[in-house]
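Trainee: This is the structure I want to talk about, given as structure tokens.
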Amino acid sequence: MSLFSHRWACALLAALFAAAPVWASDDLKDEIVKIYTVANIPDYWNPWNMRGTASGTGSGAILKGKKILTNAHVVGNETFIQVRRAGDARRYRAHVLAAAHEVDLALLTVDDPSFWDEQEGLDLGELPNAQDEVFVYGFPMGGDTLSVTKGVISRIEHQNYAHSSFAFLAGQLDAAINPGNSGGPVIKDGKIVGVVMQGMRQADNIGYMVPVSIIQQLFEDLEDGTYDGFPSLGVSLQGMENRDLKRSVHMPQDLTGMRVFRINPGSPAEGVMHTNDVIVTIEGAPVADDGTVEFRPRERTSLSYFIQNKRIGESIALEVWRDGARIPLNIKLTRPLTDDQLVPNERYDVLPTYYIIGGIVFSPLTRNLLQMWGANWYNNAPNGLTAVLNNNFPEVDGEQVIVALKLLSADINQGYDNINNWIVTTVDGKRVHSMKELIAAVENPDGDEFVTFSNDAGQVVTLDRAKALASRDQILNTYRIASDRSPDLMDTAQ
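Counting along the sequence shown from 1, when you hit position 249 you're at 249 in the numbering used here, and nothing is skipped either side.
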């Protein structure tokens, strides 16, 4: 199954059920907006540059409190946003209040008070059931006239969100896929029950929405004015469907659950859970051997449902099978799920991290960097980089995979022409786990005459430390680079 979204044209959903559009309610039309965006994507191959602007359109819904709800992929990496109410000719300048890229949601607002004249705003409804009829509002295919189409909720379960590559609860609709409908509201009984987000390439009339329960979770997170993200327990789990696996942990065959086989460093579970613990209940719900839980009568989804329903700082109740007994645990969820990855999923609204010394460009490995090899990046990117994804978990808290990305040719690096996409593991024989550690090691005033970078394959690059530092300005000037490091690394070595 392949899911996709397009940030500019926004390959999304226009929920078709009848042969012709069905107008649900004229009263709601004034609460729908068309969104016009200009965005600029960073160039991860030349991380001091941008790739240039591109424009696109999407849809959104006006909420009470002078907010506009849409998809994060509609406004990701934005430089300029305008909105236009349905049936109106005027565009208004808008800006982002908050973006939750993990769940593909964003909130906008407009400063011009005239935009809000006679705007009541829509309310949030309840999570719909399978077979419920819903209406989807938006501007598919870039049209200027509001489209309203009818569809049916097929099912609600966890799906991968194309924008972030994370799995969250999603609603499936029997809907066609149309660019421009991204961010449009899914309406039931005059209230928002979801936001259109993506479709499936290999099937006709299958699309997905972000359900209202996740929208509500975002609003609860933003109550203090800061977006903290969605929490993670910080463990990797294995199903217990094999009877001998259950026997190996002395677990009754009629008891079900998921085995913990990895605990991430710095995670909430560290020091509380043990490897080979089996999670048998979560928030009081029995966990099946396939990792699913019943979240509504006769409806099942991933046990992550209960974790993702929590806010960071809240606790979650578990029962684990350990040493022949059921043990209750109460674990405080202290950090977001984005901290669980060695190679981060797609990032938006941030600039790449990089550092240049001796003409060598260093950068952490990210999904954004891998995507520079195109849509088929997993097969086109160097095997040494994509192989890291097979065990995409940090060994220490905050660990990064550091890549010697490319070489800016200069006298100081003569003979190292093959330095590109080269994973660096040590500096001067000492393991480095982050860009900040690498910079501190290179710019160490007490360091030896030479600075040496090496990898696990035994390859080395050795530079004269003083010459490498002294050549910095000349190399930057030659290649017209404003700085040798990204802003978040400016004070690293101080």
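Virtual Cβ for every residue (Gly too), placed ideally from N, Cα, C.
The structure presented is a predicted model; accordingly, all values stated were derived computationally and were not measured.
(1) Would you grab the beta carbon distance between Val-424 and Ile-402 for me? Rounded to a whole angstrom, and I think it's under 8 Å.
(2) How about Phe-362 and Gln-308: are their beta carbons less than 8 Å apart?
(3) Applying the 10 Å Cβ sphere with the 16-neighbour rule, what's the burial state of Thr-462?
(4) For Asp-488, name the three-state secondary structure that DSSP assigns.
(5) Counting only the same chain and skipping the five closest in sequence on each side, list residues whose C-beta sits under 6 Å from that of Tyr-378.
(6) Report buried or exposed for Ser-248, applying the criterion of at least 16 other Cβ atoms within 10 angstroms of its Cβ.
(7) Quick check: the Cα distance between Gly-225 and Asp-144, rounded to an integer number of angstroms?
(8) Short check: CB of Tyr-348 to CB of Met-435, under 8 Å?
(9) How is the beta strand (DSSP E) around Trp-377 delimited, first residue to last?
(10) Do Met-240 and Met-258 have their C-beta atoms closer together than 8 Å?
(11) For my contact list, Pro-268 and Arg-335 are in at a C-beta cut-off of 8 Å; report their separation, rounded to the angstrom.
(12) Report the three-state DSSP secondary structure of Ile-419 (helix, strand or coil).
(13) Is it the case that the Cβ atoms of Thr-109 and Val-75 are separated by a distance below 8 Å?
(14) Jot down the residue ranges of each uninterrupted alpha helix (DSSP H) in the stretch 407-456, minimum 4 residues, whole runs only, in chain order.
(15) When you compare only the Cα positions, how much space is there between Ser-165 and Ile-156?
(16) Under 8 Å by Cβ, that's how I've got Val-134 and Pro-128 pegged, so tell me the actual separation to the nearest angstrom.
(17) Closer than 7 Å by C-beta to Phe-115: which residues in its own chain qualify, once you throw out the five before and the five after it? Chain order, please.
(18) Taking the beta carbon of Glu-270 as the centre, do at least 16 other beta carbons fall within 10 Å, making it buried, or is it exposed?
(19) Would you identify the three-state DSSP class for Val-134, choosing helix, strand or coil?
(20) By how many angstroms is the C-alpha of Ser-486 removed from the C-alpha of Pro-42?
(21) By how many angstroms is the C-alpha of Gly-194 removed from the C-alpha of Ile-215?
(22) Is Tyr-36 helix, strand or coil when you go by DSSP?
(23) Who are Pro-185's beta bridge partners in DSSP?
(24) Measuring straight from C-alpha to C-alpha, what distance separates Gln-82 and Ala-106?
(25) What's the C-alpha gap between Gly-458 and Lys-430?
(26) Applying the criterion that 16 or more other CB atoms from any shown protein chain within 10 Å of the CB defines a buried residue, is Ala-470 buried or exposed?
(27) List the endpoints of the continuous alpha helix (DSSP H) containing Ile-215.
(28) For Phe-80, write down the residues that DSSP places opposite it in a beta bridge.
(29) Taking the alpha-carbon positions, what's the Gly-171 to Tyr-44 distance?
(30) Indicate the three-state DSSP secondary structure (helix, strand or coil) for Trp-23 in the structure shown.
(31) Mind checking which residues open and close the beta strand (DSSP E) that includes Ala-61?
(32) Could you please give the first and the last residue of the uninterrupted alpha helix (DSSP H) stretch that includes Ala-466?
(33) To the nearest angstrom, how far is it from the Cα of Pro-344 to the Cα of Glu-399?
(34) Would Val-460 pass as a contact of Phe-453 if the rule is Cβ separation under 8 Å?
(35) Is it buried or exposed, Gln-217, if we count other Cβ atoms within 10 angstroms and call 16 or more buried?
(36) Which class does Val-287 belong to by DSSP, given the choice of helix, strand or coil?
Mentor: Reading off the structure:
(1) By 1-based counting over the sequence shown, the position of residue 424 is 424. By 1-based counting over the sequence shown, the position of residue 402 is 402. Under the criterion of beta carbons closer than 8 Å, Val-424 and Ile-402 qualify as touching, at roughly 5 Å.
(2) Here residue 362 refers to the residue found at position 362 when the sequence shown is read from its first residue. Here residue 308 refers to the residue found at position 308 when the sequence shown is read from its first residue. Here Phe-362 is not near Gln-308, since their CB atoms are 8 Å or more apart.
(3) Position 462 of the sequence shown holds residue 462. Exposed: under 16 other Cβ atoms inside 10 Å.
(4) Counting from 1 along the sequence shown, the entry for residue 488 is found at position 488. For Asp-488, the three-state secondary structure derived from DSSP is helix.
(5) If you number the sequence shown from 1, residue 378 lands on position 378. Excluding its 5 nearest sequence neighbours in each direction, Tyr-378 has C-beta neighbours in its own chain below 6 Å: Thr-386, listed in chain order.
(6) Looking up residue 248 in the sequence shown gives position 248. Ser-248 should be labelled exposed.
(7) Your numbering for residue 225 matches position 225 in the sequence shown. Your numbering for residue 144 matches position 144 in the sequence shown. Roughly 34 Å separates the two Cα atoms.
(8) By 1-based counting over the sequence shown, the position of residue 348 is 348. By 1-based counting over the sequence shown, the position of residue 435 is 435. Their beta carbons are not under 8 Å apart, which means Tyr-348 does not touch Met-435 by this criterion.
(9) Translated into positions along the sequence shown, residue 377 becomes position 377. Run containing Trp-377: none in the beta strand (DSSP E); it sits in the alpha helix (DSSP H), 377-380.
(10) Taking the first residue of the sequence shown as position 1, residue 240 is located at position 240. Taking the first residue of the sequence shown as position 1, residue 258 is located at position 258. In this structure, Met-240 places its C-beta atom within 8 Å of the C-beta atom of Met-258.
(11) Working through the sequence shown from its first residue, we reach residue 268 at position 268. Working through the sequence shown from its first residue, we reach residue 335 at position 335. Confirmed, about 7 Å.
(12) Position 419 of the sequence shown holds residue 419. Of the three classes helix, strand and coil, the one that applies to Ile-419 here is coil, per DSSP.
(13) Numbered from its first residue, the sequence shown carries residue 109 at position 109. Numbered from its first residue, the sequence shown carries residue 75 at position 75. No; because the gap between Cβ atoms is not below 8 Å, this pair is not in contact.
(14) Segments of the alpha helix (DSSP H) lying fully in the stretch 407-456: 435-442.
(15) For the purposes of this step, residue 165 is taken as the residue at position 165 of the sequence shown. For the purposes of this step, residue 156 is taken as the residue at position 156 of the sequence shown. One alpha carbon belongs to Ser-165, the other to Ile-156, and they sit about 18 Å apart.
(16) One-based indexing of the sequence shown puts residue 134 at position 134. One-based indexing of the sequence shown puts residue 128 at position 128. 6 Å between Cβ atoms; contact.
(17) On the sequence shown, residue 115 is found 115 positions in, with the first residue counted as 1. Correct list, in chain order: Tyr-92.
(18) Within the sequence shown, numbered from 1, the residue matching residue 270 stands at position 270. Counting every other CB atom within 10 Å of its CB across the protein chains shown gives Glu-270 a total below 16, marking it as exposed.
(19) Taking the sequence shown and counting its residues from 1, one reaches residue 134 at position 134. In the structure shown, the three-state DSSP call for Val-134 is strand.
(20) The count along the sequence shown starts at 1 and reaches residue 42 at position 42. The count along the sequence shown starts at 1 and reaches residue 486 at position 486. Distance between the alpha carbons of Pro-42 and Ser-486 is about 12 Å.
(21) Numbered from 1 along the sequence shown, position 215 holds the residue referred to as residue 215. Numbered from 1 along the sequence shown, position 194 holds the residue referred to as residue 194. The straight-line gap from Cα to Cα measures roughly 8 Å.
(22) Locating residue 36 in the sequence shown gives position 36, counting from the first residue. When DSSP states are grouped into helix, strand and coil, Tyr-36 belongs to the strand group.
(23) Position 185 of the sequence shown, counted from the first residue, corresponds to residue 185. The secondary-structure analysis by DSSP pairs Pro-185 across a beta bridge with Val-195.
(24) Translated into positions along the sequence shown, residue 82 becomes position 82. Translated into positions along the sequence shown, residue 106 becomes position 106. Roughly 14 Å separates the two Cα atoms.
(25) Along the sequence shown, one-based indexing puts residue 458 at 458. Along the sequence shown, one-based indexing puts residue 430 at 430. The C-alpha of Gly-458 lies about 13 Å from the C-alpha of Lys-430.
(26) For the purposes of this step, residue 470 is taken as the residue at position 470 of the sequence shown. Exposed: under 16 other Cβ atoms inside 10 Å.
(27) Looking up residue 215 in the sequence shown gives position 215. Looking at the DSSP string, the run of the alpha helix (DSSP H) that includes Ile-215 is 212-221.
(28) To locate residue 80, count along the sequence shown from 1; it is residue 80. Its beta-bridge partners are Val-38.
(29) Here the question's residue 171 lines up with position 171 in the sequence shown. Here the question's residue 44 lines up with position 44 in the sequence shown. One C-alpha to the other measures close to 33 Å.
(30) Indexing the sequence shown from 1 puts residue 23 at position 23. Low local confidence applies: a pLDDT of 41 at Trp-23 is under 50, so the model's placement there is unreliable, and no value is given.
(31) Counting from one through the sequence shown, the residue named residue 61 turns up at place 61. Unbroken beta strand (DSSP E) run through Ala-61: 50-63.
(32) Translated into the one-based positions of the sequence shown, residue 466 becomes position 466. Judged by DSSP secondary structure, Ala-466 falls within the alpha helix (DSSP H) whose first and last residues are 465-470.
(33) For the purposes of this step, residue 344 is taken as residue 344 along the sequence shown, with counting starting at 1. For the purposes of this step, residue 399 is taken as residue 399 along the sequence shown, with counting starting at 1. Looking at the two C-alpha atoms, the distance is approximately 11 Å.
(34) Reading the sequence shown from its first residue, position 460 is the one you call residue 460. Reading the sequence shown from its first residue, position 453 is the one you call residue 453. Yes, the Cβ-Cβ distance between Val-460 and Phe-453 is below 8 Å.
(35) Numbered from its first residue, the sequence shown carries residue 217 at position 217. By the Cβ neighbour-count rule, Gln-217 is buried, with 16 or more other Cβ atoms within 10 Å of its own.
(36) Position 287 of the sequence shown holds residue 287. Coil.
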